[in-house]
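Undergrad:
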Amino acid sequence: MLVTYHDQHPDRTQQARRARPDGPLAVSDLERRAQPSIARRYDVILASRHWKTVDVIYGYEAAVAAGSDHGRLVAQLDLR
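Residues 3 to 82, numbered by this note's numbering, are exactly what the sequence shown covers, in order.
1. Using 8 Å as the cut-off, can you tell me whether the region 9-16 makes contact with the region 30-40, which would need three or more C-beta pairs spanning the two stretches below that distance?
2. Kindly identify the DSSP beta-bridge partner or partners of residue 77.
3. CB-CB under 6 Å to residue 50, same chain, minus the five flanking residues each way: which ones, in chain order?
4. Could you please give me the residues that DSSP links to residue 42 through a beta bridge?
5. Would the beta-carbon of residue 27 fall within 8 Å of that of residue 41?
6. Whole angstroms is fine: what's the gap from residue 37's alpha carbon to residue 55's?
7. Thinking C-alpha only, which one of 77, 82 and 14 is nearest residue 45?
8. Specify, as a first and last residue, the run of the alpha helix (DSSP H) that residue 12 falls within.
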């Protein structure tokens with residue numbers, strides 16, 4: 003779904019690539035066992051072509067601030 007969203011919003015893709023040129027396009031987990039830590043994107047939402055991806059939010063920073071070790075993934079979809 004994130005790839006579909008970025009296909010539809012190239013400005014957000016460019017913004018994500020500037021923020022993390024070596025990837026990933028969004029972060030949902032930080033592998034702390036690695037030195038240095040490695041940002042990962044594990045979560046996924048799959049949707050059929052009946053849905054249009056309006057927005058995708060990876061709330062990693064907010065989730066970590068709330069005490070989680072893993073980010074939440076929220077997607078806004080519209081039925082085509």
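Positions of the beta carbon are idealized from the N, C-alpha and C atoms, including for glycine.
Here the structure is a predicted model, which is why all the values come from computation and not from measurement.
TA: In brief:
1. no
2. As a working mapping, residue 77 is identified with position 75 in the sequence shown. According to DSSP, residue 77 bridges with 58.
3. One-based indexing of the sequence shown puts residue 50 at position 48. Once the five neighbours on either side are set aside, residue 50 has no close Cβ partner at all.
4. Working through the sequence shown from its first residue, we reach residue 42 at position 40. According to DSSP, which records beta bridges pairwise, residue 42 is partnered with 31.
5. Taking the first residue of the sequence shown as position 1, residue 27 is located at position 25. Taking the first residue of the sequence shown as position 1, residue 41 is located at position 39. For residue 27 and residue 41, no; Cβs fall outside 8 Å.
6. Along the sequence shown, read from residue 1 onward, the residue named residue 37 stands at position 35. Along the sequence shown, read from residue 1 onward, the residue named residue 55 stands at position 53. Taking the straight line from one Cα to the other gives about 35 Å.
7. One-based indexing of the sequence shown puts residue 45 at position 43. Nearest C-alpha to residue 45: 77.
8. Translated into the one-based positions of the sequence shown, residue 12 becomes position 10. Run containing residue 12: 12-21, per the alpha helix (DSSP H) assignment.
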